[in-house]
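Residue numbers (the numbering used here), protein chains in the order written: chain F, 51 to 319; chain A, 51 to 319; chain Y, 51 to 319; chain D, 51 to 319.
There are 4 protein chains.
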Amino acid sequence: MANSRFEYVKQFEREHHLLPDTYIVIRVDGKGFHKFSEEYKFDKPNDLRALQVMNRAAQAVMSQFSDVLMAYGDSDEYSFLLRKQCSLYERREMKLITMFASSISTNYYYYWNEEFPEKPLKQSRLPNFDARAVTYPNFSLIRDYFSWRQVDCHINNLYNTTFWTLVSKGGMTPKEAENKLIGTVASDKNEILFSQFGINYNNEPEIFKKGTILMREMTQEESEVNESELSSRQKQRIEKKRKKAEIKTYHEDLITNENFWTSRPWLSL
Amino acid sequence: MANSRFEYVKQFEREHHLLPDTYIVIRVDGKGFHKFSEEYKFDKPNDLRALQVMNRAAQAVMSQFSDVLMAYGDSDEYSFLLRKQCSLYERREMKLITMFASSISTNYYYYWNEEFPEKPLKQSRLPNFDARAVTYPNFSLIRDYFSWRQVDCHINNLYNTTFWTLVSKGGMTPKEAENKLIGTVASDKNEILFSQFGINYNNEPEIFKKGTILMREMTQEESEVNESELSSRQKQRIEKKRKKAEIKTYHEDLITNENFWTSRPWLSL
Amino acid sequence: MANSRFEYVKQFEREHHLLPDTYIVIRVDGKGFHKFSEEYKFDKPNDLRALQVMNRAAQAVMSQFSDVLMAYGDSDEYSFLLRKQCSLYERREMKLITMFASSISTNYYYYWNEEFPEKPLKQSRLPNFDARAVTYPNFSLIRDYFSWRQVDCHINNLYNTTFWTLVSKGGMTPKEAENKLIGTVASDKNEILFSQFGINYNNEPEIFKKGTILMREMTQEESEVNESELSSRQKQRIEKKRKKAEIKTYHEDLITNENFWTSRPWLSL
Amino acid sequence: MANSRFEYVKQFEREHHLLPDTYIVIRVDGKGFHKFSEEYKFDKPNDLRALQVMNRAAQAVMSQFSDVLMAYGDSDEYSFLLRKQCSLYERREMKLITMFASSISTNYYYYWNEEFPEKPLKQSRLPNFDARAVTYPNFSLIRDYFSWRQVDCHINNLYNTTFWTLVSKGGMTPKEAENKLIGTVASDKNEILFSQFGINYNNEPEIFKKGTILMREMTQEESEVNESELSSRQKQRIEKKRKKAEIKTYHEDLITNENFWTSRPWLSL
Chain F
51 MANSRFEYVK
61 QFEREHHLLP
71 DTYIVIRVDG
81 KGFHKFSEEY
91 KFDKPNDLRA
101 LQVMNRAAQA
111 VMSQFSDVLM
121 AYGDSDEYSF
131 LLRKQCSLYE
141 RREMKLITMF
151 ASSISTNYYY
161 YWNEEFPEKP
171 LKQSRLPNFD
181 ARAVTYPNFS
191 LIRDYFSWRQ
201 VDCHINNLYN
211 TTFWTLVSKG
221 GMTPKEAENK
231 LIGTVASDKN
241 EILFSQFGIN
251 YNNEPEIFKK
261 GTILMREMTQ
271 EESEVNESEL
281 SSRQKQRIEK
291 KRKKAEIKTY
301 HEDLITNENF
311 WTSRPWLSL
Chain A
51 MANSRFEYVK
61 QFEREHHLLP
71 DTYIVIRVDG
81 KGFHKFSEEY
91 KFDKPNDLRA
101 LQVMNRAAQA
111 VMSQFSDVLM
121 AYGDSDEYSF
131 LLRKQCSLYE
141 RREMKLITMF
151 ASSISTNYYY
161 YWNEEFPEKP
171 LKQSRLPNFD
181 ARAVTYPNFS
191 LIRDYFSWRQ
201 VDCHINNLYN
211 TTFWTLVSKG
221 GMTPKEAENK
231 LIGTVASDKN
241 EILFSQFGIN
251 YNNEPEIFKK
261 GTILMREMTQ
271 EESEVNESEL
281 SSRQKQRIEK
291 KRKKAEIKTY
301 HEDLITNENF
311 WTSRPWLSL
Chain Y
51 MANSRFEYVK
61 QFEREHHLLP
71 DTYIVIRVDG
81 KGFHKFSEEY
91 KFDKPNDLRA
101 LQVMNRAAQA
111 VMSQFSDVLM
121 AYGDSDEYSF
131 LLRKQCSLYE
141 RREMKLITMF
151 ASSISTNYYY
161 YWNEEFPEKP
171 LKQSRLPNFD
181 ARAVTYPNFS
191 LIRDYFSWRQ
201 VDCHINNLYN
211 TTFWTLVSKG
221 GMTPKEAENK
231 LIGTVASDKN
241 EILFSQFGIN
251 YNNEPEIFKK
261 GTILMREMTQ
271 EESEVNESEL
281 SSRQKQRIEK
291 KRKKAEIKTY
301 HEDLITNENF
311 WTSRPWLSL
Chain D
51 MANSRFEYVK
61 QFEREHHLLP
71 DTYIVIRVDG
81 KGFHKFSEEY
91 KFDKPNDLRA
101 LQVMNRAAQA
111 VMSQFSDVLM
121 AYGDSDEYSF
131 LLRKQCSLYE
141 RREMKLITMF
151 ASSISTNYYY
161 YWNEEFPEKP
171 LKQSRLPNFD
181 ARAVTYPNFS
191 LIRDYFSWRQ
201 VDCHINNLYN
211 TTFWTLVSKG
221 GMTPKEAENK
231 LIGTVASDKN
241 EILFSQFGIN
251 YNNEPEIFKK
261 GTILMREMTQ
271 EESEVNESEL
281 SSRQKQRIEK
291 KRKKAEIKTY
301 HEDLITNENF
311 WTSRPWLSL
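The following block contains the structure:
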C-alpha cells in the first residue's frame with residue numbers, strides 16, 4: 051500500500067538469513083523459572099505435571115512447524131531441530147526465533163490451564179521464554195548438540211535429586227545441602243543417595259534422568275533424498291506426509307545408542 | 051558448571067549486540083490476526099475490546115521493561131521505544147526480541163481472558179507475535195518512525211471503515227467492496243462515507259483514527275541528562291523513578307503536534 | 051597498554067566470526083579493470099602477460115596463507131578455497147577479507163613490475179581489488195562454486211573472443227560488434243568465428259577457455275583426517291607439510307572431470 | 051548475463067549494509083610492520099620518510115574517496131572519517147573495507163618507490179594493511195574516537211622515544227631498556243629523557259608527538275546542511291566541490307582544542 055514520506059525509516063531495518071543447507075537448532079529457555087517454580091509451588095526436584103506442560107507445549111510447537119524433525123527438552127528448555135532444507139520464513143533468523151518464543155509461551159499457557167486448573171497463572175508471573183537459533187553445517191554436530199543437552203540434563207538432575215533429598219529427607223537447610231555438594235563428582239552424589247537414603251539413582255524415572263525426545267516418525271519412503279530435484283508437486287506431497295507423521299515421545303539415551311540415529315536416516319537429509 | 055566433551059557445539063552460537071548509543075525500537079506484530087479475528091468474531095472494522103486486550107498487554111510489557119519510554123500501537127501491532135542508554139540484556143538482539151515476543155503473547159493471553167471470559171482461547175488459534183528490533187541513531191528518526199506508524203494506522207483505518215460500511219450498511223459482498231475501493235484516494239473514501247452513509251470520518255473515535263500512545267510520564271528532574279557521568283547509586287535512583295513513573299494512555303496526533311515531543315525532553319536522552 | 055577515558059569508543063566495534071566447520075571461499079575482484087586494461091593497453095581479448103601477473107600474484111597469496119588449498123581465477127578475479135578447519139585470524143571475516151584484498155593488490159603490483167618493466171604503474175590507476183568471503187557447509191557446494199566460476203569464464207571468453215575478432219579482423223566498430231552479438235547463443239558465436247574467420251574456438255589456448263587452477267598438491271598421508279583429534283605437535287607437522295607442498299598450475303575442466311576431485315580427497319577434509 | 055545451473059551458490063553470499071545516518075570510521079592498520087621496519091631499516095624511534103610514505107598514501111586514499119572528510123594517522127595506522135550521509139558502495143561493509151585496505155596498500159607501494167628509490171620492496175615483505183569499519187551514531191563519539199587515537203599516539207611515541215634513547219644513547223640492550231621502563235608513567239619517562247640525556251620531550255617534532263591530521267577544508271557554503279532535501283543537481287555540485295576541496299595537513303592537538311572542531315561545522319553534517 052502506498053504510504054508516506056516517513057516510510058524511509060524502514061531502511062534502518064536489518065535482516066539476517068540463516069546460511070542455506072545447514073541444520074537449524076532453535077533452543078527456547080524459560081525466563082526466571084526458578085522463581086516461577088516457587089510461585090506455583092512445583093514439586094522438587096521434578097514436578098511431573100509441569101514437565102508434561104512443557105512437553106505438550108513443545109509437541110504443539112512441533113505440530114505447528116512441520117520443518118521440525120525432532121526436539122529434545124528437560125526442565126524449562128527445549129531444542130528443536132529444523133531440517134537442512136527448511137525455508138520457513140525464508141530462514142529469516144528474527145522471524146524464526148520470535149515465532150518459536152511466542153508459540154512455546156502461549157502453548158505453555160494453554161497446557162498449564164489444562165494440567166493445573168487449580169492454579170491459574172498470575173499476571174505478575176507469566177511463563178516467558180527466550181529463543182536462539184544456531185546453524186550446524188553437518189549432522190555429526192547435530193548428534194553432539196543433542197548429546198550436550200542430554201549430558202546437561204543428567205548433571206542437573208543428579209545434582210537436584212541429591213540436593214532435594216538432603217533437604218527433604220536429610221533435614222538440611224538449602225545452604226547446608228549446597229555446601230555439602232561443593233566439589234562432589236557424580237559418584238559422590240550416587241554414594242550419598244545410596245548410603246544415606248537407600249536411593250539407587252539408576253531407578254529414578256527415565257523422564258527425569260534422560261529428558262524427553264519428541265520424534266516426528268517418518269518412513270524411508272516419506273523422506274526422499276534430494277529435495278532440490280523434486281517437482282513442486284512431489285514436494286507438496288512430502289510436506290503433507292511430514293505434517294501428518296506421528297510425533298512420538300521417548301525418554302532414552304541418545305548419546306551412545308548408535309541405532310537411535312541410524313534407524314532414522316531422514317533426520318540428516 | 052563443568053560439562054562435557056560435547057560443549058564445543060556452543061562455538062557455533064552467534065550474538066549480535068545492538069550498536070550502543072542508538073535508540074532501539076522493538077515492533078511486535080500479530081501472526082495471522084486476520085484469521086484470529088474471524089475465529090473469535092471480532093467486531094468490524096474495529097473491535098474495541100480486542101484493542102483493549104492489545105493495549106493492556108502492551109502496557110504490561112512496558113511495566114515489565116522499564117527501559118521502554120513510550121509505545122505506539124494499533125490493530126495487532128505495537129512499537130516500543132527503548133531509551134538510547136538502554137543496556138537491557140547487554141543489548142543482545144536475540145534476547146531482546148524473543149523476550150518481547152514472548153511477553154506480549156502471554157500478556158495478550160492473560161488480558162484476553164479478562165476481556166473475553168465468554169470466549170476462551172483455543173489451542174488451534176493462539177495469539178502469536180513476531181518481533182524485530184531496529185536501531186536509530188538520532189531522535190529525529192524516532193519522530194519519523196512513529197509518524198510512519200500513525201500514518202499507516204490512518205490509511206488502514208480509513209480503508210477498513212469504508213470497506214466494512216460498504217459491506218454492512220451498503221449490502222455489498224466483500225469482493226464488491228474491495229473492487230469499489232481499488233484506486234480510490236483518501237478524499238474518495240471520505241466522500242463515500244459521507245454522501246452514501248452520512249458518516250463524517252472525522253467523528254470516528256480517536257482510538258481508531260490515531261491509534262494508542264502509551265507514555266511513561268517523567269519529569270525533567272527524573273530524567274537527568276548524562277547518565278554516563280552519574281554514580282551507580284544515582285543511576286539506581288533514576289531507574290527506580292522510571293519504574294514507578296505512571297504510564298498514561300493517549301489517542302492523539304503525534305505527527306504535526308510539535309509540543310507532543312518538546313514537552314517530553316527525556317525521551318531523547 | 052593502559053589507555054585513556056576515550057577507549058570506550060572501542061565498544062562500537064563489531065566482529066563477525068565465520069561459522070566453524072564450513073568451507074570458506076574468498077573471492078577477490080579487480081576494481082575498474084576495464085579502464086585499467088585500457089590505460090595499460092592490454093592485448094584484446096586476452097593479454098597473456100597480464101594473466102601471468104594475476105596468476106603469479108594469486109600464487110603468492112596462496113603461499114602466504116597455507117590454509118588455502120586451491121584457487122581458481124580468470125580475467126581480474128580469483129577465488130581461494132580455505133580448508134574447513136581453517137582458524138586463520140580466528141575466522142574473523144573483516145580481517146580475512148581485508149588481508150586477502152591487500153595481499154593480492156601488492157603482489158599484483160610486484161609482479162606487474164616484473165612482467166611489464168616498460169609500463170610502470172601510475173598513481174592515478176593502481177591495481178585495486180575488493181574481496182568477499184562466503185561459507186559453504188559441504189563440499190558438493192564447493193564443486194558447484196568452482197563450476198560456476200568456470201562456466202562464467204567460458205561464457206565471457208567466448209563472447210570476448212568473438213567480439214574482438216569482429217572488431218580487429220572484421221573491421222566492425224565496437225558498437226557494431228556489440229549489436230551483432232545481442233541475442234546470440236554459444237553456437238552462434240562459434241559459427242561466426244568459424245565461418246567468417248576460420249577460427250575453431252576449441253583450438254584457442256586452454257588458459258583462456260578454462261581459466262587457471264592453482265592446486266596445493268598434498269599426498270593422502272599429508273592430510274590426515276580428523277585434525278581435532280591430533281596432538282598439537284602433529285598439527286604443527288601437518289601445517290609445515292602444507293606450507294611446503296608444491297603449488298601446481300592447471301588449465302583444465304573441473305566441471306565434468308570427476309577424477310579431478312576424487313583424486314584429491316584432502317580438499318574436503 | 052544469463053548463466054548456469056551452478057549460479058545458485060550465490061545464495062550463500064551475505065551482505066551487511068552499515069546503519070544509515072551514522073558516521074563511519076575506517077581504520078587501516080599495517081600488518082607486521084615491526085618486521086617490515088626491520089627489513090627496510092627504518093630510523094628509530096621514528097622514520098620521517100616512512101611517515102611521509104604513510105601520509106601521502108593516506109592522502110591519496112582521501113582524494114580517491116571524496117566521502118572522506120578527515121583522516122588521522124600515526125605509525126602504520128590511519129583512521130578515515132566518512133560523512134554521515136555517505137552512500138559509497140551502498141554502505142556495504144565488505145566492499146568499503148576491502149577497497150580501503152587495497153587502496154592504502156597500493157598507494158603505500160607507490161609512494162614508497164618515490165621516497166625510497168634506493169630500497170625496492172621485496173616480494174617476501176610487501177606492505178599489507180587490514181581494515182575495519184565502525185559506525186558512530188553522533189559526532190561527540192567521533193571527537194572521542196580521534197582523541198583516543200591521538201592519546202595512543204602520544205603514549206606510544208613517548209615510550210618509543212625513551213626506549214630508543216636508552217638504547218642508542220644510553221648504551222642499553224633492548225631488553226635492559228624494556229625492563230627499565232616497566233611500571234614507569236609519563237612523568238618518569240620525561241624525567242629519564244631530561245635528566246639523563248638532556249632531552250626535553252616537548253621539543254620533539256609535532257609530527258611524532260601529535261600524529262598527522264588530513265583535513266578536507268571546506269567552506270560553510272560548500273557544505274550545505276540537509277542533503278536529503280537537495281535536488282540531484284545540487285548534490286552533484288556539492289560533490290564536485292568536495293572533490294576539489296584542498297586536503298591540508300596538520301600536526302596539532304585535537305583533544306582539548308575546541309576550536310579545531312567548532313571551526314569546521316561541516317564535519318558533523
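For glycine and all other residues, C-beta sits at the position ideal for the given N, C-alpha and C.
Keep in mind that this is a model prediction, so the values were computed, not measured.
Where F/Arg64 sits in the DSSP three-state scheme: Residue numbering aside, residue 64 of chain F sits at position 14 when the first sequence is read from its first letter. The answer is coil: DSSP assigns F/Arg64 none of H, G, I, E or B.
To the nearest angstrom, how far is it from the Cα of F/His301 to the Cα of F/Phe310? Taking the first residue of the first sequence as position 1, residue 301 of chain F is located at position 251. Taking the first residue of the first sequence as position 1, residue 310 of chain F is located at position 260. Approximately 12 Å, taken between the alpha carbons.
Would you kindly report the start and end of the unbroken beta strand (DSSP E) that includes Y/Leu132? As a first step, residue 132 of chain Y must be located in the third sequence, where it is residue number 82. Segment Glu127 to Leu132, the beta strand (DSSP E) holding Y/Leu132.
State the start and end residues of the unbroken beta strand (DSSP E) segment that holds F/Ala121. Sequence index remark: in the first sequence, residue 121 of chain F carries index 71 (1-based). Per DSSP, F/Ala121 belongs to the beta strand (DSSP E) from Val118 to Asp124.
Give the secondary structure of F/Thr269 by DSSP, where H, G and I count as helix, E and B as strand, and everything else as coil. Against the first sequence, residue 269 of chain F aligns to sequence position 219. Coil, per DSSP.
Are the CB atoms of D/Asn96 and D/Gly123 nearer to each other than 8 Å? Along the fourth sequence, one-based indexing puts residue 96 of chain D at 46. Along the fourth sequence, one-based indexing puts residue 123 of chain D at 73. For D/Asn96 and D/Gly123, no; Cβs fall outside 8 Å.
What are the residues in the region 67-80 of chain F lying within 7 Å of chain Y by C-beta distance? Leu69, Asp71 and Thr72
Enumerated in chain order, which unbroken segments of the beta strand (DSSP E) with a length of 3 residues or greater are wholly contained in the region 133-195 of chain F? 179-186
Presumed contact (8 Å Cβ cut-off) between A/Ala183 and A/Leu146, rounded CB distance: Locating residue 183 of chain A in the second sequence gives position 133, counting from the first residue. Locating residue 146 of chain A in the second sequence gives position 96, counting from the first residue. At roughly 6 Å, the Cβ-Cβ gap stays under 8 Å, so A/Ala183 and A/Leu146 are in contact.
Is it buried or exposed for Y/Ile74, if we count other Cβ within 10 angstroms and need 16 for buried? Numbered from 1 along the third sequence, position 24 holds the residue referred to as residue 74 of chain Y. Buried is the call here.
List in chain order: all unbroken alpha helix (DSSP H) runs of 4+ residues lying wholly within the region 216-246 of chain Y. 224-231 and 236-241
Starting from the Cα of D/Ser174, find the closest Cα among Y/Met120, Y/Asn178, Y/Val59 and Y/Gln109 and give me that residue. Taking the fourth sequence and counting its residues from 1, the one referred to as residue 174 of chain D is at position 124. The residue with the shortest Cα to Cα distance from D/Ser174 is Y/Gln109.
Going along the region 187-206 of chain F in order, which residues come within less than 7 Å of chain A, judged by CB to CB distance? Contacts with chain A (Cβ-Cβ distance below 7 Å) from the region 187-206 of chain F involve Leu191, Asp194, Tyr195, Ser197, Trp198, Val201, Asp202 and Ile205, listed in chain order.
Can you tell me where the beta strand (DSSP E) holding A/Ile249 begins and where it ends? Mapped onto the second sequence, residue 249 of chain A falls at position 199. Element bounds for A/Ile249: n/a, residue is neither H nor E.
Starting from D/Val59, trace the alpha helix (DSSP H) in both directions and tell me its first and last residue. Against the fourth sequence, residue 59 of chain D aligns to sequence position 9. No alpha helix (DSSP H) contains D/Val59, which DSSP labels as neither H nor E.
Using 10 angstroms around the beta-carbon of Y/Lys85, count the other beta-carbons present and answer buried if the total reaches 16, otherwise exposed. By one-based count along the third sequence, residue 85 of chain Y stands at place 35. Counting Cβ neighbours within 10 Å, Y/Lys85 comes out exposed, since fewer than 16 surround it.
Does any C-beta atom of chain F lie closer than 8 Å to the C-beta of D/Phe62? Position 12 of the fourth sequence, counting from 1, holds the residue named residue 62 of chain D. Yes, contact with chain F.
So Y/Leu176 contacts chain D; which residues on that side make the cut at Cβ distance below 7 Å? Residue mapping note: residue 176 of chain Y aligns to position 126 of the third sequence, counting from 1. Chain D residues near Y/Leu176: Thr156, Asn157 and Tyr160.
Are A/Phe258 and A/Thr215 touching if we call contact CB-CB under 8 Å? For the purposes of this step, residue 258 of chain A is taken as the residue at position 208 of the second sequence. For the purposes of this step, residue 215 of chain A is taken as the residue at position 165 of the second sequence. No, these two residues do not count as a Cβ contact at 8 Å.
In chain D, what lies closer than 7 Å to A/Thr185 by C-beta? Locating residue 185 of chain A in the second sequence gives position 135, counting from the first residue. Simply Leu69.
Return the CA-CA distance between F/Glu254 and F/Ser197, expressed in angstroms with no decimal places. Walking along the first sequence from the start, residue 254 of chain F turns up at place 204. Walking along the first sequence from the start, residue 197 of chain F turns up at place 147. Straight-line Cα distance between these residues: approximately 20 Å.
May I ask which residues mark the beginning and end of the beta strand (DSSP E) holding F/Ile74? Locating residue 74 of chain F in the first sequence gives position 24, where the first residue counts as 1. F/Ile74 -> beta strand (DSSP E) spans Tyr73 to Gly80.
Would you be able to state if there are at least three C-beta pairs under 8 Å between the region 148-158 of chain D and the region 56-74 of chain D? no
Exposed or buried, Y/Pro224, counting other C-beta atoms within 10 Å across all chains shown (16 or more means buried)? Your numbering for residue 224 of chain Y matches position 174 in the third sequence. Classification of Y/Pro224: exposed, given that the 10 Å Cβ count is below 16.
At the 8 Å Cβ level, is D/Leu132 part of the contact set with chain Y, yes or no? As a first step, residue 132 of chain D is located in the fourth sequence; it is residue number 82 there, counting from the start. Taking Cβ atoms only, chain Y never reaches closer than 8 Å to D/Leu132, which makes this a no.
Can you tell me whether Y/Tyr300 is helix, strand or coil according to DSSP? Looking up residue 300 of chain Y in the third sequence gives position 250. Note: Y/Tyr300 maps to strand in three-state DSSP.
Mind checking who Y/Leu264 pairs with in its DSSP beta bridge? The count along the third sequence starts at 1 and reaches residue 264 of chain Y at position 214. Beta-bridge partners of Y/Leu264 (DSSP): Y/Ala121 and Y/Thr299.
Apart from the five residues just before and just after Y/Ile192, which ones in its own chain have a Cβ nearer than 6 Å to its Cβ? Start at 1 with the first residue of the third sequence, and residue 192 of chain Y comes out as number 142. Only Tyr73 and Tyr186 meet the Cβ criterion.
Taking C-beta pairs closer than 7 Å, name the residues in chain D that Y/Ala151 reaches, listed in chain order. Taking the first residue of the third sequence as 1, we reach residue 151 of chain Y at position 101. Result: Thr148, Ala151 and Ser152.
Examine the Cβ distances between the region 118-138 of chain Y and the region 133-143 of chain D and report whether three or more of them are shorter than 8 Å. Flag = no, the region 118-138 of chain Y and the region 133-143 of chain D do not touch.
Kindly say whether D/Leu53, judged by its beta-carbon, lies nearer than 8 Å to any beta-carbon of chain Y. On the fourth sequence, position 3 is the one that residue 53 of chain D refers to. For the record, residue 53 of chain D in the displayed sequence is Asn; it is not Leu. With 8 Å as the cut-off, D/Asn53 counts as an interface residue toward chain Y.
Buried versus exposed, by CB contacts within 10 Å (16 or more), D/Leu264: For this step, residue 264 of chain D is matched to residue 214 along the fourth sequence. Counting Cβ neighbours within 10 Å, D/Leu264 comes out buried, since at least 16 surround it.
Give every residue of the same chain whose Cβ lies closer than 6 Å to the Cβ of A/Glu63, excluding the five residues on either side of it in the sequence, and list them in chain order. Taking the first residue of the second sequence as position 1, residue 63 of chain A is located at position 13. Taking A/Glu63 as the centre and dropping the five residues before and after it, the same chain places no C-beta closer than 6 Å to its C-beta.
Just to confirm my understanding: we take A/Ala227, look at its own chain, exclude 5 residues before and 5 after, and list those with CB closer than 6 Å. What are they? Counted from its first residue, the second sequence places residue 227 of chain A at position 177. Phe213, Leu216 and Val217, listed in sequence order.
By Cβ distance, which residues of its chain are closer than 7 Å to Y/Lys81, with the 5 residues on each side in sequence left out? If you number the third sequence from 1, residue 81 of chain Y lands on position 31. Answer for Y/Lys81: Asn178, Phe179 and Asp180, listed in chain order.
Answer yes or no: do F/Thr148 and A/Ala151 have a C-beta to C-beta separation smaller than 8 Å? Along the first sequence, read from residue 1 onward, the residue named residue 148 of chain F stands at position 98. Along the second sequence, read from residue 1 onward, the residue named residue 151 of chain A stands at position 101. For F/Thr148 and A/Ala151, yes; Cβs fall inside 8 Å.
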